[in-house]
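Input: a single structure, listed below in structure tokens.
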Amino acid sequence: MGEVETEPVWPHLLLALLTTGVLIGVPWLALLGVGESIHLFGGEPTEWEKGRGWLLTAFWVGVGGSAAGLVLAVRLRRSGFAGFFTTFLVAVLLVWLGSRPSTPGPAFDPAGPGVCQEHSGGDSTCPGG
Numbered sequence: 001m002g003e004v005e006t007e008p009v010w011p012h013l014l015l016a017l018l019t020t021g022v023l024i025g026v027p028w029l030a031l032l033g034v035g036e037s038i039h040l041f042g043g044e045p046t047e048w049e050k051g052r053g054w055l056l057t058a059f060w061v062g063v064g065g066s067a068a069g070l071v072l073a074v075r076l077r078r079s080g081f082a083g084f085f086t087t088f089l090v091a092v093l094l095v096w097l098g099s100r101p102s103t104p105g106p107a108f109d110p111a112g113p114g115v116c117q118e119h120s121g122g123d124s125t126c127p128g129g
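In full-length UniProt numbering, the protein residues as written are 1 to 129.
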């Protein structure tokens, strides 16, 4: 009698764990980040920095988990999972690009204000005219 060659179960289990981790873990980490960055009755000024760490973790889990799941799904020839991980990866990248500021803030001018200011105890003449 010939032996039946079976495929190992662990790649399919890993694919299921990656899918569950991406579907549950990324939104959970993102909600933690948003929750940490909300000020309710005043608070420390570093709340956004605390929340940004969770959001950055959610981004990397989303990118890393989706990329690993995509590679595994292609290797296992699971087109549905490959489509899911591709869509999720594109969505994570689009959310990240959409949440970045489009223009940088104003540059810091170390020379001081550009207008003449009168100071107490001195004359009211401006330098240069």
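Cβ atoms here follow ideal geometry from the backbone N, Cα and C, with glycine treated the same way.
Could you tell me how far apart the beta carbons of residue i and residue j are, in whole angstroms, since I believe they sit closer than 8 Å?
i   : j   : result
F88 : A73 : That belief does not hold up - the Cβ atoms of F88 and A73 are roughly 11 Å apart, past 8 Å.
G26 : G62 : Reading off the sequence, residue 26 comes out as Val, not Gly. Indeed, because the Cβ distance is near 4 Å, the residues count as touching under 8 Å.
Exposed or buried, which one is residue i when buried takes at least 16 other CB atoms within 10 Å?
i   : result
V4  : exposed
S99 : exposed
L70 : buried
Check whether the Cβ atoms of residue i and residue j lie closer than 9 Å to each other.
i   : j   : result
R52 : G33 : yes
A30 : W54 : yes
L15 : L93 : no
W96 : F59 : yes
- Message: Counting beta carbon pairs with one atom in the region 8-27 and one in the region 79-91, are three or more of them shorter than 8 Å?
- Response: yes
- Item | Continuous beta strand (DSSP E) assignments of at least 3 residues falling wholly in the region 67-108 | none
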